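Novice: Numbering (the numbering used here), first residue to last: 488 to 592.
Structure below; questions to follow.
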């Protein structure tokens, strides 16, 4: 389900307690602050989360020919190991100005 940032702020605790997946839209430049807010709210309920940028792997793959892609893949792999088996994934979609919050368990 899609919510604006204002709607999510009003319902965030309940959405997480109910283990719901949702999308935050209409961020108007608040992507990092919003992802930090979501991460804090999830962790406050004793759950684990992974924050990532959507489509980052595709961008890294496209740059593999210049060497930077290999470093990107290594960074992505290390990040995934550090946040193994999260309850939630928070995916920042910079292109479409949305944040996807997906319950994984």
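Heads up, the beta-carbon is just placed ideally off N, CA and C, and yes, glycines get one too.
No experiment lies behind these values; they were computed from the predicted model shown.
With a threshold of 8 Å on Cβ separation, who are the neighbours of residue 514 within its own chain once the five nearest residues in sequence on each side are excluded?
Specialist: The answer, listed in chain order, is 492, 521, 584, 585 and 586.
Novice: Between which two residues does the beta strand (DSSP E) containing residue 497 stretch?
Specialist: Where residue 497 is concerned, there is no enclosing beta strand (DSSP E), although the alpha helix (DSSP H) it sits in stretches over 492-504.
Novice: To the nearest angstrom, how far is it from the Cα of residue 539 to the Cα of residue 532?
Specialist: Taking the straight line joining both Cα atoms gives about 20 Å.
Novice: Give a yes or no on whether the C-beta atoms belonging to residue 590 and residue 574 are separated by under 8 Å.
Specialist: Yes; because the gap between Cβ atoms is below 8 Å, this pair is in contact.
Novice: What is the rounded straight-line gap between the Cα of residue 509 and the Cα of residue 529?
Specialist: Distance between the alpha carbons of residue 509 and residue 529 is about 13 Å.
Novice: Using the three-state DSSP reduction, which class does residue 529 fall into: helix, strand or coil?
Specialist: DSSP places residue 529 in helix when its eight states are reduced to three.
Novice: In whole angstroms, what separates the C-alpha of residue 507 from that of residue 501?
Specialist: If I take the Cα positions, the gap works out to 9 Å.
Novice: Which one of 582, 534, 542 and 541 has the shortest CA to CA distance from residue 572?
Specialist: If we check each option's Cα against that of residue 572, 534 comes out closest.
Novice: How about residue 512 and residue 489: do their beta carbons lie closer than 8 Å?
Specialist: A contact, by the Cβ cut-off of 8 Å.
Novice: Does residue 499 pass the burial test, meaning 16 or more other C-beta atoms within 10 Å, or should it be called exposed?
Specialist: The residue is buried, with at least 16 neighbouring Cβ atoms inside 10 Å.
Novice: Since I believe residue 541 is in contact with residue 516 (beta carbons under 8 Å), could you give me their beta-carbon distance rounded to a whole number of angstroms?
Specialist: The pair is not a contact, with the Cβ atoms about 17 Å apart (cut-off 8 Å).
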